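Just so we're aligned: the sequence shown equals residues 63 to 317 in the working numbering. Here a beta-carbon is modelled for each residue, glycine too, at the ideal position from N, C-alpha and C. Since this is a predicted model, take the numbers as computed values, not measurements. See structure below.
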Amino acid sequence: MESDKKVIVQSNWKMHKTHVEGIDWIESLIEMEPEISPEIELIPCVPLTLLPAIAQAAQSSSQIFIGAQNVYWETWGAYTGEISAPMIADAGASYCVVGHSERRKYFGETDETVNKKIKAVIESGLKPIFCIGETLGEREQDITEDVIARQVDAIIKAEGVASLANAVLAYEPVWAIGTGKTATPEMAQETHAAIRKLIADQNADVAAKVRIQYGGSMNAGNAADLLAMEDIDGGLIGGASLKAADFLAICQAAG
Ligand code: PGA
63 MESDKKVIVQ SNWKMHKTHV EGIDWIESLI EMEPEISPEI ELIPCVPLTL LPAIAQAAQS
123 SSQIFIGAQN VYWETWGAYT GEISAPMIAD AGASYCVVGH SERRKYFGET DETVNKKIKA
183 VIESGLKPIF CIGETLGERE QDITEDVIAR QVDAIIKAEG VASLANAVLA YEPVWAIGTG
243 KTATPEMAQE THAAIRKLIA DQNADVAAKV RIQYGGSMNA GNAADLLAME DIDGGLIGGA
303 SLKAADFLAI CQAAG
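Laid out in structure tokens, this is it:
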């Protein structure tokens, strides 16, 4: 990992936690913060119902920033049930996950809708956490790098390579999410290096700045080996981060 950029460790709560449970998690993390390197950015990505309360609870911390898990691309209007990027920023978030594979799989998101969402997120001043990754079938067909290139190129084409300087890319092999199957550190490093090269071919400075985090069954047992790889700048953790103490162990493995 390069020393001039902060490692990012994200806890994706998905559709978990009531208000009481969420507040308990964030207060526990704040209490344990002195045990975590100040060089690490901690990003709980929480359900929207909890966002303002968690953001407020984390205000005293200089290393915790809150993320949302999804967004709609329009700014306002008659879109019943949707939430816009300015609304998410207004609720206290700094980051927003876009294109998580669960959204692509269960809610029909495509590269096209994901690109619209990233544009909206960037325009609102939030930082996108842009999820990319191949399915098991695609890995078996040996087309992982083609899939990644299609996903990254689409955003570069739509938004320009400079838009990635402030973004976080989350490489998440779809077959590793919530399955207990993790990419080996070598496998993940190979794909991360390929992603960085794709960006470097367009702009070396942006490639050096962009943070590329790994996600997919990361836990306290495998985090240190994954995070030790040169091009892995952080982790996106779902199931293994739902207890604050487990999240702490992963943060400690990060440095
Ligand atoms: P997981 O989820 O850690 O439970 O595999 C990762 C994710 O949120 O994508």
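Contact test: residue i Cβ vs ligand 1 heavy atom, cutoff 7 Å
{"i": "M280", "result": "yes"}
{"i": "E234", "result": "yes"}
{"i": "L298", "result": "yes"}
{"i": "A316", "result": "no"}
{"i": "A302", "result": "yes"}
{"i": "G327", "result": "Because the chain in this structure spans residues 63 to 317, residue 327 falls outside the shown range and cannot be described."}
{"i": "H78", "result": "no"}
{"i": "N228", "result": "no"}
{"i": "I312", "result": "no"}
{"i": "N284", "result": "no"}
{"i": "I210", "result": "no"}
{"i": "G143", "result": "no"}
{"i": "I403", "result": "The requested residue 403 is not part of the displayed model; the chain covers only 63 to 317."}
{"i": "G161", "result": "no"}
{"i": "I150", "result": "no"}
{"i": "I239", "result": "yes"}
{"i": "N74", "result": "yes"}
{"i": "G187", "result": "no"}
{"i": "G277", "result": "yes"}
Residue i versus the options, residue with shortest Cα-Cα distance
{"i": "I217", "options": "A245, K243, I184 and T206", "result": "I184"}
{"i": "E101", "options": "I116, D204 and Q125", "result": "Q125"}
{"i": "M77", "options": "A306, G300, D308 and A316", "result": "G300"}
{"i": "N228", "options": "E234, K178, I194 and S156", "result": "S156"}
{"i": "W87", "options": "A316, A119 and T206", "result": "A119"}
{"i": "K67", "options": "F309, G296, S186 and I145", "result": "G296"}
{"i": "A270", "options": "M249, I294 and A115", "result": "I294"}
{"i": "M94", "options": "A220, S123 and C107", "result": "S123"}
{"i": "V159", "options": "L288, N132, K79 and W237", "result": "N132"}
{"i": "K181", "options": "K219, P106 and E103", "result": "K219"}
{"i": "S186", "options": "V214, C193 and A151", "result": "A151"}
{"i": "D267", "options": "A238, A224 and G195", "result": "A224"}
{"i": "K243", "options": "L198, I85, L112 and V176", "result": "L198"}
{"i": "L91", "options": "H81, I105 and L226", "result": "I105"}
{"i": "A315", "options": "V82, E97 and T80", "result": "E97"}
{"i": "L288", "options": "A250, C313 and A307", "result": "A250"}
{"i": "E83", "options": "Y141, A115 and A140", "result": "A115"}
{"i": "E248", "options": "N265, D215, M291 and L304", "result": "M291"}
{"i": "F192", "options": "E164, E200, A211 and Y233", "result": "Y233"}
{"i": "G161", "options": "A140, W237 and L231", "result": "L231"}
{"i": "G240", "options": "T246, G222, A211 and A302", "result": "A302"}
{"i": "A307", "options": "H81, T80, E89 and K79", "result": "E89"}
{"i": "L226", "options": "I210, T246 and K189", "result": "K189"}
{"i": "V236", "options": "K179, G222 and L298", "result": "L298"}
{"i": "K179", "options": "T80, I145 and E200", "result": "I145"}
{"i": "E221", "options": "L310, S99 and V176", "result": "V176"}
Minimum Cβ-Cβ distance from residue i to chain C less than 8 Å
{"i": "G84", "result": "The chain inventory of the structure shown lacks chain C, comprising one protein chain alone."}
Report the start-end ranges of each beta strand (DSSP E) in the segment 193-242 that is 3 residues or longer and not cut off at the edges. 230-233
Quick check on the DSSP output: what are the complete alpha helix (DSSP H) runs of length 4 or more inside the segment 111-197, in order along the chain? 113-119, 147-152, 163-168 and 173-185
Tell me, please, whether the segment 256-263 touches the segment 279-291 by the rule of three or more beta-carbon pairs shorter than 8 Å. no
Mind the definition here: the segment 236-256 touches the segment 171-187 only if three or more C-beta pairs lie below 8 Å; say whether that holds. no
Using 8 Å as the threshold, is the segment 67-77 in touch with the segment 263-276, meaning 3 or more CB pairs across them? yes
Count Cβ pairs between the segment 203-211 and the segment 136-150 that sit closer than 8 Å; are there 3 or more? no
Going residue by residue through the segment 242-310, where are the continuous alpha helix (DSSP H) segments of at least 4 residues, counting only ones entirely within it? 247-262, 266-271 and 285-289
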